[in-house]
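2 protein chains.
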Amino acid sequence: MATQQAPAPSGRVLDHPDVDEIRLEHVLHALSDPMRLRIVCRLATDGGELACSVFDLPVSKSTCTHHFRVLRESGVIQQIYRGTAKMSLLRAEELERLFPGLLDGVLTAARHQEQRLAAS
Amino acid sequence: MATQQAPAPSGRVLDHPDVDEIRLEHVLHALSDPMRLRIVCRLATDGGELACSVFDLPVSKSTCTHHFRVLRESGVIQQIYRGTAKMSLLRAEELERLFPGLLDGVLTAARHQEQRLAAS
DNA sequence: GGTTTTGTACGATTTCCATCGTAGTACGGC
DNA sequence: GCCGTACTACGATGGAAATCGTACAAAACC
Numbered sequence: 100m101a102t103q104q105a106p107a108p109s110g111r112v113l114d115h116p117d118v119d120e121i122r123l124e125h126v127l128h129a130l131s132d133p134m135r136l137r138i139v140c141r142l143a144t145d146g147g148e149l150a151c152s153v154f155d156l157p158v159s160k161s162t163c164t165h166h167f168r169v170l171r172e173s174g175v176i177q178q179i180y181r182g183t184a185k186m187s188l189l190r191a192e193e194l195e196r197l198f199p200g201l202l203d204g205v206l207t208a209a210r211h212q213e214q215r216l217a218a219s
Numbered sequence: 100m101a102t103q104q105a106p107a108p109s110g111r112v113l114d115h116p117d118v119d120e121i122r123l124e125h126v127l128h129a130l131s132d133p134m135r136l137r138i139v140c141r142l143a144t145d146g147g148e149l150a151c152s153v154f155d156l157p158v159s160k161s162t163c164t165h166h167f168r169v170l171r172e173s174g175v176i177q178q179i180y181r182g183t184a185k186m187s188l189l190r191a192e193e194l195e196r197l198f199p200g201l202l203d204g205v206l207t208a209a210r211h212q213e214q215r216l217a218a219s
């Protein structure tokens, strides 16, 4: 019956804001950092849970932890421990209900800009 | 032939980023401040040029100047001197071309949140 | 010219934030 | 029990940013 070889969630639990605690300003601030925007784009593209380690970010591990925490505390992502790994997942549906079109708009804009800057 | 009683633009000119210099991160950062988000919402609602003075913001005049400068330098608004007043205008069309749906998404989200928070 | 209106420039302050390194913890596997 | 992996916690640091007050500037109007 095992659907995946991924380990089950461990006992460690992380604090997430409830949907009605999410604030637009905090979401926008979270997305205004290049590293974090990159993380979110990747999560949206791949569409599932990703371990922090698969993001090859040009910063130290502690900085990486910091960015993921900002994203989680602002309500953009959900995080869960699986074994030694910590998986991240976009809270896309909740954000869509809360701020319709916002996340899509930002993601589209991010890709737009990436292409635009690549062609320069 | 006078279309308005508004004074003509004065000689003083302000620096604006060119469209292809506008960066998504800077726009998002500009919009992630409550004061600035408020300014942008008002500009979008009223839909034209507004003098800085019509925004009754709970901050000092110098802070106000600061916020308008951040918005202008990030490419969100355009500013022009008319007499002693300095008018601000959303760069809605340019932003729409650059980041389709982004501004609308943010504005909708802002209004959504305003209503949601008012009902609590 | 003098006054009022509107906003700027500058410096100070204080807080936030992105970054790092080091030491530590939780878990899985051996 | 021990080791490796993956991430955290904590403290430090340097830089950005939000805020303010005071002094100034540009334009309109009398």
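Here the protein sequences line up with chains Y and L, keeping their order. Numbered by the numbering used here, the letters in the first sequence go through residues 100 to 219 in order. Numbered by the numbering used here, the letters in the second sequence go through residues 100 to 219 in order. Ideal Cβ positions, reconstructed from N, Cα and C, are used throughout, including at glycine.
Less than 8 Å between CB atoms is the rule here; does residue i satisfy it with respect to chain L?
i, result
"Y/E195", "no"
"Y/S131", "yes"
"Y/E120", "no"
"Y/E148", "no"
"Y/Y180", "no"
"Y/E124", "yes"
"Y/L136", "yes"
"Y/H115", "no"
"Y/L189", "no"
"Y/C140", "no"
By DSSP's criteria, residue i is part of a beta bridge. Which residues make up the other side?
i, result
"Y/S187", "Y/L149 and Y/Q178"
"L/P108", "L/R181"
For chain Y, check one thing: does any of its Cβ atoms lie closer than 8 Å to the Cβ of residue i?
i, result
"L/G174", "no"
"L/A101", "Low local confidence applies: a pLDDT of 41 at L/A101 is under 50, so the model's placement there is unreliable, with the coordinate-based value given in what follows. L/A101 does not count as touching chain Y."
"L/H165", "no"
"L/L127", "yes"
"L/A218", "no"
"L/T162", "no"
Looking at the ligand SAH, does it come within less than 7 Å of residue i, judged from the CB to the closest heavy atom?
i, result
"Y/S109", "Questions concerning the ligand SAH fall outside what the structure shown contains, since it holds no ligand whatsoever."
Would you check if the stretch 111 to 118 of chain L and the stretch 151 to 163 of chain L touch, i.e. whether three or more CB-CB distances between them fall below 8 Å?
no
Is the stretch 197 to 210 of chain Y touching the stretch 198 to 206 of chain L in the sense that three or more CB pairs, one from each, lie closer than 8 Å?
yes
Taking Cβ-Cβ distances below 9 Å as the criterion, which residues of the stretch 196 to 214 of chain L are in contact with chain Y?
L197, F198, P199, G200, L201, L202, D203, G204, V205, T207, A208, A209, H211 and Q212
4-residue-minimum alpha helix (DSSP H) runs that sit fully inside the stretch 113 to 166 of chain L, ordered along the chain
123 to 130 and 133 to 145
Taking contact to mean 3 or more Cβ pairs, one atom from each stretch, closer than 8 Å, check whether the stretch 164 to 179 of chain L and the stretch 128 to 144 of chain L are in contact.
yes
Answer yes if the stretch 185 to 195 of chain L comes into contact with the stretch 132 to 152 of chain L, meaning at least three C-beta pairs across the two stretches below 8 Å, and no otherwise.
yes
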